[in-house]
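Engineer: Input: one structure, supplied below.
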Amino acid sequence: MSPGESVMVTRLLVSVVDDDESVRESLPDLLRELGFVAHAFSSAQEFLASGFVDETRCLILDIAMPGMTGLDLQRELKLRRQEIPIVFITARRDEAVRPLVLERGAVECLFKPFSDTALLNAVNAALRVN
Amino acid sequence: MPRAEEGLLVPFYVNGKAVGTIWAVAHDNRRRFDAEDLRLLERMSRFASAAYQTVASIENLKLQMSAREKAETELRELTNGLEAQVRARTEALARAQSELAHVARVTSLGALTASIAHEVNQPLSGIITNASTCLRMLAADPPNVEGARETARRTIRDGNRASDVITRLRALFSKKEATTESVDLNEATREVIALSLSELQRNRVILRTELADDVPLVTGDRVQLQQVVLNLLQNASDAMRGVDDRPRQLLIRTEREEGDRVRLSVQDAGVGLDPQAMDRLFEAFYTTKNDGMGIGLSISRSIIERHRGYLWAASNDGPGATFSFFIPCGPGSVTSARSLGAIQTPATKDAE
Chain A
1 MSPGESVMVT
11 RLLVSVVDDD
21 ESVRESLPDL
31 LRELGFVAHA
41 FSSAQEFLAS
51 GFVDETRCLI
61 LDIAMPGMTG
71 LDLQRELKLR
81 RQEIPIVFIT
91 ARRDEAVRPL
101 VLERGAVECL
111 FKPFSDTALL
121 NAVNAALRVN
Chain B
131 MPRAEEGLLV
141 PFYVNGKAVG
151 TIWAVAHDNR
161 RRFDAEDLRL
171 LERMSRFASA
181 AYQTVASIEN
191 LKLQMSAREK
201 AETELRELTN
211 GLEAQVRART
221 EALARAQSEL
231 AHVARVTSLG
241 ALTASIAHEV
251 NQPLSGIITN
261 ASTCLRMLAA
271 DPPNVEGARE
281 TARRTIRDGN
291 RASDVITRLR
301 ALFSKKEATT
311 ESVDLNEATR
321 EVIALSLSEL
331 QRNRVILRTE
341 LADDVPLVTG
351 DRVQLQQVVL
361 NLLQNASDAM
371 RGVDDRPRQL
381 LIRTEREEGD
391 RVRLSVQDAG
401 VGLDPQAMDR
411 LFEAFYTTKN
421 DGMGIGLSIS
431 RSIIERHRGY
441 LWAASNDGPG
451 ATFSFFIPCG
461 PGSVTSARSL
471 GAIQTPATKD
481 AE
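Each protein sequence line maps, in turn, to chains A and B. Heads up: the first sequence begins at 1 in our numbering, then just goes up one per residue. Heads up: the second sequence begins at 131 in our numbering, then just goes up one per residue.
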């Protein structure tokens, strides 16, 4: 399949919010390779102000960020009635966190580092929620 | 007994009180009592009085002696009991102390492990994501060679990042056991800062360092001194967690002091110290944090005291507090290697 115009518009936007630069640099590239449109933001505030909120079909969200945390952003989106499926990612391998965020409505919680298949499965699960 | 014809009764006294009477009885009337008999009896009554007093005071003395003996026995029992109590208390205290040291090891190790895991997982995440992207770019038709080259470059860079973390950790834990060696406090502090940096940034702490160039080497255990610095840094950062109306500034300073001492101080702009609680700050299990165990400062103080130094806290002129310690430099500045070993961390033991 060639990346023609008509195909581009049907591609789904996955947004990445993470304060770690190497994640913002690497993850969108992988998501593009997996066939999605991807944008990266360094903070929750930047994402909220970006104008991509409505378009985003799946949000890959770091839990621990300075200022507004991933959980704060999840709450904020709920208040705004923006029900974007969320895949949390975190470098802190705390098994207690996973059930906690899943209970709050997240689709998945991935511990860094995660494989491309784990990522693809999580994003596909998020898109099925749509 | 024959009928008495005549009698002579002479009472005798102790302290003016009659305690007895001497009787003389004549059973026939061939002879009558005369003045001489009376005088004789009166003398006898004086002897009887003296004898009575003597017996009474001997009885009294016996009573006193037995009372004293009883008191002494009771005292001895009490003393024995006290000794046993002191012994039991001392043993309990020793147990509590070793438990405390264990808890301190486990908690500081737990915090450190989480911090290390975070530091290593970040670059690992970059490596795996970039490598996956690289493979997919190469597998595409036609292969995206330029993209693959770029992601491979990033993979190497993140690999180096992970390697740097490991190098810092090895520097931190290279010591096999608690030893006394020459320690560059500036260098030791920089290593701690490097490991805490992302945590500090996460808490939006603005870190400033003023490490004096002329700080002499101190003799001591580097890992233990680094534990103290780490503890002071974490406390300072925690104290500013709720601060939003001013910059969360943290200043670490080292300086040479008169009398051949080195001083390190950590100044924060946090909630400050409660003057009422100043005395309790360094007590074990005293904490102002919701998630704190209240052992960091007590362990830190004992480490600094083992280095013949002193750790103290003071309120700033402005907001926040400053925690400082000094340790003497030069040889013999540690009490003994053995006492240092008592609070060695399991991590350093495992490294053997």
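Think of the CB as a built atom: it goes at the ideal place given N, C-alpha and C, for glycine as much as any other residue.
I'd like the span of the alpha helix (DSSP H) that includes A/F47, first residue to last.
Structural biologist: Element bounds for A/F47: A44 to L48.
Engineer: According to DSSP, which residues form a beta bridge with B/P458?
Structural biologist: DSSP, once it has assigned bridges, lists B/R391 as partnering B/P458.
Engineer: When you compare the CB positions of B/T452 and A/S26, do they come within less than 8 Å of one another, or not?
Structural biologist: Cβ distance not < 8 Å, so B/T452 and A/S26 don't count as in contact.
Engineer: Beta carbon of B/R378, beta carbon of B/V322: below 8 Å?
Structural biologist: No, the pair does not count as a contact, with Cβ atoms beyond the cut-off.
Engineer: Nearest-angstrom Cα distance between B/Q252 and B/R438?
Structural biologist: Rounded to whole angstroms, B/Q252 to B/R438 spans 40 Å at the Cα level.
Engineer: Can you name the residues of chain D whose CB is closer than 7 Å to the CB of A/D72?
Structural biologist: No chain D appears in the structure shown, which is made up of the protein chains A and B.
Engineer: Report all residues from its chain with a CB closer than 7 Å to the CB of B/W153; omit the five preceding and five following residues, and keep chain order.
Structural biologist: Cβ within range, chain order: G137 and L139.
Engineer: By the DSSP assignment, the beta strand (DSSP E) with B/V144 in it spans what residues?
Structural biologist: E136 to V144 is the span of the beta strand (DSSP E), which, as asked, contains B/V144.
Engineer: Could you confirm whether any beta carbon from chain A is found closer than 8 Å to the beta carbon of B/P253?
Structural biologist: At least one chain A Cβ lies under 8 Å of B/P253.
Engineer: Which of the three DSSP states is assigned to A/F114 in this structure?
Structural biologist: Reduced to three states, the DSSP call for A/F114 is coil.
Engineer: Using alpha carbons as the reference points, say which of A/S43, A/L127, A/E95 and A/L30 lies closest to A/P66.
Structural biologist: Of A/S43, A/L127, A/E95 and A/L30, the residue nearest in Cα terms is A/S43.
Engineer: Which residues mark the beginning and the end of the alpha helix (DSSP H) in which B/L327 is found?
Structural biologist: L315 to R332 is the span of the alpha helix (DSSP H), which, as asked, contains B/L327.
Engineer: Using DSSP with H/G/I as helix, E/B as strand and the rest coil, what is B/R383?
Structural biologist: Strand, per DSSP.
Engineer: Can you grab the Cα-Cα spacing for the pair B/G400 / B/A261, in whole Å?
Structural biologist: If I take the Cα positions, the gap works out to 43 Å.
Engineer: Output needed in chain order: residues of the stretch 271 to 303 of chain B with a Cβ under 7 Å from some Cβ in chain A.
Structural biologist: Answer in chain order: T281, R284 and D288.
Engineer: Quick check on A/R57: does DSSP put it in helix, strand or coil?
Structural biologist: Strand at A/R57.
Engineer: Among B/E202, B/R386 and B/D351, whose alpha-carbon lies nearest the alpha-carbon of B/N435?
Structural biologist: For the record, residue 435 of chain B in the displayed sequence is Glu; it is not Asn. That would be B/D351, whose Cα lies nearest to the Cα of B/E435.
Engineer: Mind checking the stretch 21 to 38 of chain A against chain B and listing, in chain order, the residues whose C-beta falls within less than 8 Å of any C-beta there?
Structural biologist: Listed in sequence order: S22, V23, E25, S26, L27, D29, L30, E33 and L34.
Engineer: DSSP puts A/D62 in a beta bridge; with which residues?
Structural biologist: A/I89, per the DSSP bridge assignment.
Engineer: When burial is assigned at 16 or more other CB atoms within 10 Å of the CB, is B/G372 buried or exposed?
Structural biologist: B/G372 is exposed by the Cβ-count criterion.
Engineer: My output table needs one value for B/F177: the three-state DSSP class, helix, strand or coil.
Structural biologist: Of the three classes helix, strand and coil, the one that applies to B/F177 here is helix, per DSSP.
Engineer: Got a sec: is the Cβ-Cβ distance from B/R266 to anything in chain A below 8 Å?
Structural biologist: Chain A, which has a Cβ nearer than 8 Å to the Cβ of B/R266, makes this yes.
Engineer: Beta-carbon of B/S262 versus every beta-carbon of chain A: anything under 8 Å?
Structural biologist: At least one chain A Cβ lies under 8 Å of B/S262.
Engineer: Looking at the unbroken alpha helix (DSSP H) that takes in A/E95, where does it start and where does it end?
Structural biologist: Looking at the DSSP string, A/E95 is not in any alpha helix (DSSP H), and its letter there is neither H nor E.
Engineer: Is the separation between the beta-carbon of B/D398 and that of B/A369 shorter than 8 Å?
Structural biologist: Yes, Cβ-Cβ distance for B/D398 and B/A369 is below 8 Å.
Engineer: Would A/V129 and A/P85 be called neighbours here (beta carbons separated by less than 8 Å)?
Structural biologist: Taking 8 Å as the Cβ cut-off, A/V129 and A/P85 qualify as a contacting pair.
Engineer: In chain order, what residues of the same chain have a beta carbon less than 7 Å from the beta carbon of B/F456, not counting five sequence neighbours either side?
Structural biologist: Cβ neighbours of B/F456 beyond the five flanking positions: E387, R391, V392, R393, G439 and Y440.
Engineer: At least one CB of chain B closer than 8 Å to the CB of A/R92: is that the case?
Structural biologist: True, the Cβ-Cβ gap to chain B drops below 8 Å.
Engineer: Quick check: what's the CA-CA separation for B/P273 versus A/L31?
Structural biologist: Whole-angstrom Cα-Cα distance: 17 Å.
Engineer: Please list, in chain order, the chain B residues whose beta carbon lies closer than 9 Å to that of A/P66.
Structural biologist: Correct list: Q331, R332, N333 and R334.
Engineer: Do you know offhand how far B/M174's Cα is from B/L168's?
Structural biologist: For B/M174 and B/L168, the distance between alpha carbons rounds to 10 Å.
Engineer: Using only alpha-carbon positions, find the residue among B/S395, B/E135 and B/C264 that is nearest to B/R338.
Structural biologist: Considering only alpha carbons, the answer is B/S395.
Engineer: Report the partner residues of B/Q397 according to the DSSP bridge assignment.
Structural biologist: B/L381 and B/T452, per the DSSP bridge assignment.
Engineer: Between which two residues does the alpha helix (DSSP H) holding B/G426 run?
Structural biologist: Here the alpha helix (DSSP H) through B/G426 covers G426 to R436.
Engineer: Would you list the residues sitting across from B/T151 in a DSSP beta bridge?
Structural biologist: According to DSSP, B/T151 bridges with B/P141.
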